[in-house]
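Student: Each residue of the sequence shown is one higher than the one before, counting from 1 in this note's numbering.
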Amino acid sequence: LETVPSILRFVLDEIDRDARAGTEAAGETNEPGATAGTLRWLIPTGEALPPELARRWLARFPATPLLNAYGPTECSDDVTHHRLAEPPAPGELSVPIGRPVANLGVYVLDAERRAQPIGVPGEIAVGGPGVGRGYLFEAAKTAEVFLPDPFAPSRNGAAGARMYATGDLGRFEPDGALRFLGRLDHQVKVRGFRIELGEIEATLASHPAVAAAAVLARAAGVAGELRLVAYVALRAEVWEPAGETTIAALRDFLHRRLPEYMVPAAYVVLDALPLSANGKIDRRALPAPERDSFRAADYEPPRTATEELLAALWSELLGVEKVGSGDDFFDLGGHSLLATQLVSRVRELFGVEIALRAVFELPVISALAREVDRAVAEGRGLAAPPIVRVPREAGETGLPELPLSFAQQRLWFLDQLEPGGAVYNIPLAFEARGPLDLDLLGRALTEVVRRHESLRTTFAAVSGRALQVIAPPSAFPLPLADLSAEPEADRERLARRRIAEEARRPFDLAAGPLFRGRVVRLAPERYFLALTMHHTVSDGWSTGILLAEVAALYTAFAADPPGAHPSPLPELPIQYADFAAWQRAWLSGEVLETQVAYWRQELSGASILELPADRPRPAIQRFRGDTTLPFAIPPATAAALRAVSRRQRTTLFMSLVATYGALLARTAGQPDVAVGTPIAGRNRVEVEPLIGFFTNTLVIRVRLDADPTVAELLARVREASLGASAHQDLPFEKLVEVLKPDRDMSRNPIFQVMFVLQNLAQNGVGGEAPGLPGVELSALGAHTGTAKFDLNFLVTEDPGRLTAEIEYNLDLFDRP
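1) Roughly how far, in whole angstroms, is the beta-carbon of A69 from the beta-carbon of P44, given that I think they are within contact range, below 8 Å?
2) Any contact between the region 440-458 and the region 551-560? By contact I mean 3 or more CB pairs, one from each, below 8 Å.
3) Between M533 and the rest of its own chain, which residues show a CB-CB distance below 7 Å, the 5 nearest in sequence each way excluded?
4) Between Q595, D578, S325, P363, which lies nearest to T340 when the distance is taken from Cα to Cα?
5) How many Å lie between W41 and I195 at the Cα?
6) Give me, in chain order, the residues of the same chain whose beta-carbon lies closer than 6 Å to that of V222; leave out the 5 immediate sequence neighbours on both sides.
7) Measure from the alpha carbon of E316 to the alpha carbon of each residue in E123, Y598, L338, then state which is nearest.
8) Around the Cβ of D817, are there at least 16 other Cβ atoms within 10 angstroms (buried) or fewer (exposed)?
9) Under three-state DSSP, which class holds A242?
10) How would you write the range of the alpha helix (DSSP H) that F406 sits in, first residue to last?
11) Which runs of the alpha helix (DSSP H), 4 residues or longer, sit entirely within the region 409-487?
12) In the structure shown, what three-state DSSP assignment does P678 receive?
13) So is V388 buried or exposed if we call it buried at 16+ other beta carbons inside 10 Å?
14) With DSSP as the reference, identify every bridge partner of Y231, one or two as the case may be.
15) Which one of R370, A384, P385 has the shortest CA to CA distance from E378?
16) Would you decide whether A585 is buried or exposed? Buried here means 16 or more other CB atoms lie within 10 Å of its CB.
17) Once DSSP output is grouped into helix, strand and coil, what is the label at T29?
18) Any idea which residues DSSP pairs G176 with across the strands?
19) Taking contact to mean 3 or more Cβ pairs, one atom from each stretch, closer than 8 Å, check whether the region 88-97 and the region 166-182 are in contact.
20) In whole angstroms, what is the alpha-carbon distance linking G855 and E47?
21) Give the straight-line distance between the Cα atoms of E486 and L480, rounded to the nearest whole angstrom.
22) Closest by CA to T650, which one among L483, D490, A720, T166?
23) Does the pairing of the region 137-149 with the region 469-479 give three or more beta-carbon distances under 8 Å?
24) Per DSSP, what kind of secondary structure is E123 in: helix, strand or coil?
25) What's the C-alpha gap between H82 and D175?
26) Measure the alpha-carbon distance for Y527 versus E431 and round it to whole angstroms.
27) Spatial neighbours of V675 within its chain, please: C-beta separation below 8 Å, excluding the five flanking residues on both sides.
28) Can you find at least 3 beta carbon pairs, one from the region 301-314 and one from the region 324-333, that sit closer than 8 Å?
29) Does DSSP classify D252 as helix, strand or coil?
30) Identify whether K322 lies in helix, strand or coil by the three-state DSSP scheme.
31) Does the Cβ of F137 have 16 or more other Cβ atoms within 10 Å, making it buried, or fewer, making it exposed?
32) Can you tell me where the alpha helix (DSSP H) with E52 in it begins and where it stops?
33) If you check the beta carbons only, do D811 and R600 fall under 7 Å apart?
34) Per DSSP, M745 is paired with what?
35) Kindly indicate which residue of F694, V11, L467 has the alpha-carbon position closest to the one of T396.
36) According to DSSP, is F732 helix, strand or coil?
Structural data, given as structure tokens:
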């Protein structure tokens, strides 16, 4: 038994066994509170100290405190200590590892090696004289984790100081103590959500009947999707049977404490968990669960042909292997965006139109199937014609008659008024470690640009109107700046400056190109990559498409000889220009009037939000912005919020918008707040694989008049959200044009604050690093230094908890 917690558990078990034997012999009751003689301290180290073990020790030896220690092998002895004189509180899932010992610094860092604030998880790093110098004869491995320490004090000859990136996950508590949360390599991605397995294990272990627990992600089903599997050893004295009742109780226990996607799909009960030679759980020895372990106990197969077809759609959208007749769309992980995609797939598969509201009001598959059958029987035709390819031949102007979409037209108009800004730049930046092949990367990007006409598009003014101009395919330029000859201490700073400059460099909408890239080499196998697009040709969803296609093409090209063209991607039947022409033709006449009538009534009487600011609003918006430090919503609070949402038949998004609106209303002293929120705008299957500017902005009014209860407020926001989604086809730009609000160059029209819920996992949005063979990529921050709105709250559901950040207007607000 190598680790102190393993020894401690063994010793306590032996003491308890001896105590029981002695009590039986003497016929007496053994009272707790014994002393440990001359033992002054017990210092557990080597693995995480389970709270239950700390409680057992302190209950028996309250006069001998525990000094919980943390010390990676790569550092000299212990790095942090935490004195534990009182037992951990009930419900505590871990014991803090405390504060750094003298002359050492301990940091919690994000993926870009920036310090995380209190309460936000990140990688634990250690700096100071106790940090080792590296791994013997392993320079590459040393370079990965022994890094320059940017936090070292400049005095005492600290230049060149190093820190060690431990690979452990932790966070600082409000009292300054550090809490160990598990290994970064114990994070998995299931159904798109990043999950920390240690958090589930700790929650399971807190159940009084569980003696030990482990959680793995295993492939399941024909498609091999990852599913969570829980392994538990039970305390016989607490819970003897290990049947379905046991598993149902454990599942229910986790449901009350964790988000839905963190609750394991299968459970394996063992007499004891297998241990390695040093007393730790041997995860490789854990057995695979039985095939039917992943089936829910109440699973009922689809009963009709319509239910079967809908079950197949749900399975594809939600990443769930089995969908039964009684399953609920939102209980399986559905949300507003996926509901919109479901409606578009029903349109394509059944040839009928159902309302988005129907998915919310009839979320169970059997009820929705009956609604689809009614739509078929009543012959509810499609609301819009299909999108078809339009001619590309030149017209009277000498250019093809390719109009701008409404969204493109507004950005083009704003650029004509004030050219040269970066407020509509979409920057992506990544760090690459490994043998990155720049030729293959250039070929992959060239192919993506060939496939998507939007990335070859510029805009020309002809006879007072703008037209799209699509350039012929050509090689994508990828200029390289080599900093490998610069002093090592300066390289990262210089590289980050290049990346920031690239993110803020303006585009020329007439000359183009509106998509560009740049590479900075820091070392032979370390690069920074910047990709920047203008919003007129791209949006958040498009970045997901771009990264996925680059990864697929790079991988395919790497497997084939140079000069081959082994693109695994199918050709695109339509392009963005076809969508723009379709939108102009369809959104007119009666269709336009219906959309406008809804929004005219919905926004009637909406007031301008006046938040208390640090300085007067400038006469003209300058779009100077910044992003605050992130903050986290505790997992228990987030889980309770999801539970409230399920009970009130709202989505997490709706509940968060209601919360945000209530906060702003209280801050501003106004009972009516208009909140802007982006929507993907991809409610037709044909446009889902396209790169282009489809995003639309909806306005949701949060009304707190007549002093509503929480349930009433959620119901109001639910109705406003559903109504907005049902009328999402009217572009915000067209709405501004029709409503003609008072012209005010100092603020955004109609609404002044934005709210964004990023479901990176399930909609492919965002700048996650693509997977390239042999190359490790991680996302870098690339902020343009701009803000389009007074405040923009961005909430991200990843990994396993809600985190948020605030983008704010520097002309109005100071950072504090």
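Ideal placement from N, C-alpha and C gives every residue a C-beta, glycine not left out.
Tutor: Reading it off the structure:
1) Rounded, the Cβ-Cβ distance is 7 Å, consistent with contact.
2) Contact holds: three or more Cβ-Cβ distances are below 8 Å.
3) Excluding positions up to five away in sequence, the list reads I426, L514, F515.
4) Among Q595, D578, S325, P363, the Cα nearest to that of T340 belongs to P363.
5) Using only the alpha carbons, I get a separation of about 36 Å.
6) Low confidence applies here, because V222 scores a pLDDT of 36, under 50, leaving its location unreliable; read the following figure in that light. Nothing meets the Cβ criterion.
7) It is L338 whose Cα lies nearest to the Cα of E316.
8) Outside the shown range of the chain, which is 1 to 816, sits residue 817, and nothing can be said about it.
9) For A242, the predicted structure reports a pLDDT of 49, less than 50, and the residue's modelled location is therefore unreliable. A value from the coordinates is still provided. Residue state, collapsed to three classes: coil.
10) That run of the alpha helix (DSSP H) goes 406-417.
11) With a minimum length of 4 residues, the continuous alpha helix (DSSP H) runs that stay inside the region 409-487 are 438-451.
12) Judged by DSSP in its simplified three-state form, P678 adopts strand.
13) With fewer than 16 Cβ atoms within 10 Å of its Cβ, V388 is classed as exposed.
14) A214, V268.
15) If you compare the alpha carbons of R370, A384, P385 with that of E378, the shortest gap goes to R370.
16) A585 comes out exposed.
17) Unreliable positioning characterises T29 in this predicted model, as indicated by a pLDDT of 43, which lies under 50. The coordinate reading is nonetheless provided below. In this structure, DSSP gives T29 a state outside helix and strand, which the three-state scheme calls coil.
18) Under DSSP, G176 shares a beta bridge with no residue.
19) Segments in contact, yes.
20) No answer is possible for residue 855: it lies beyond the span of the chain, which begins at 1 and ends at 816.
21) Taking the straight line joining both Cα atoms gives about 15 Å.
22) Nearest option by C-alpha distance: A720.
23) Under the Cβ criterion (8 Å, minimum of three pairs), the region 137-149 does not count as touching the region 469-479.
24) E123 falls in the strand class under three-state DSSP.
25) Pairing H82 with D175, the inter-Cα distance amounts to about 12 Å.
26) If you draw a straight line from the Cα of Y527 to the Cα of E431, it is about 6 Å long.
27) Excluding five sequence positions before and after V675, the CB atoms of its chain that fall closer than 8 Å to its own CB belong to V657, Y660, G661, L664, V699, I700, R701, V702, F751, V753, M754, F755, given in chain order.
28) A contact exists between the region 301-314 and the region 324-333.
29) Looking at D252 - three-state DSSP - the assignment turns out to be helix.
30) Collapsing the DSSP output to three states places K322 in coil.
31) Exposed, because fewer than 16 other Cβ atoms sit within 10 Å of the Cβ of F137.
32) Residues 51-60.
33) Against a cut-off of 7 Å, the Cβ pair of R600 and D811 comes out as no contact.
34) Answer is none; M745 lacks a bridge partner.
35) With the sequence shown as reference, residue 396 is identified as Glu, and Thr is not the correct amino acid for it. Looking only at F694, V11, L467, the smallest Cα-Cα distance to E396 is reached by L467.
36) It is helical.
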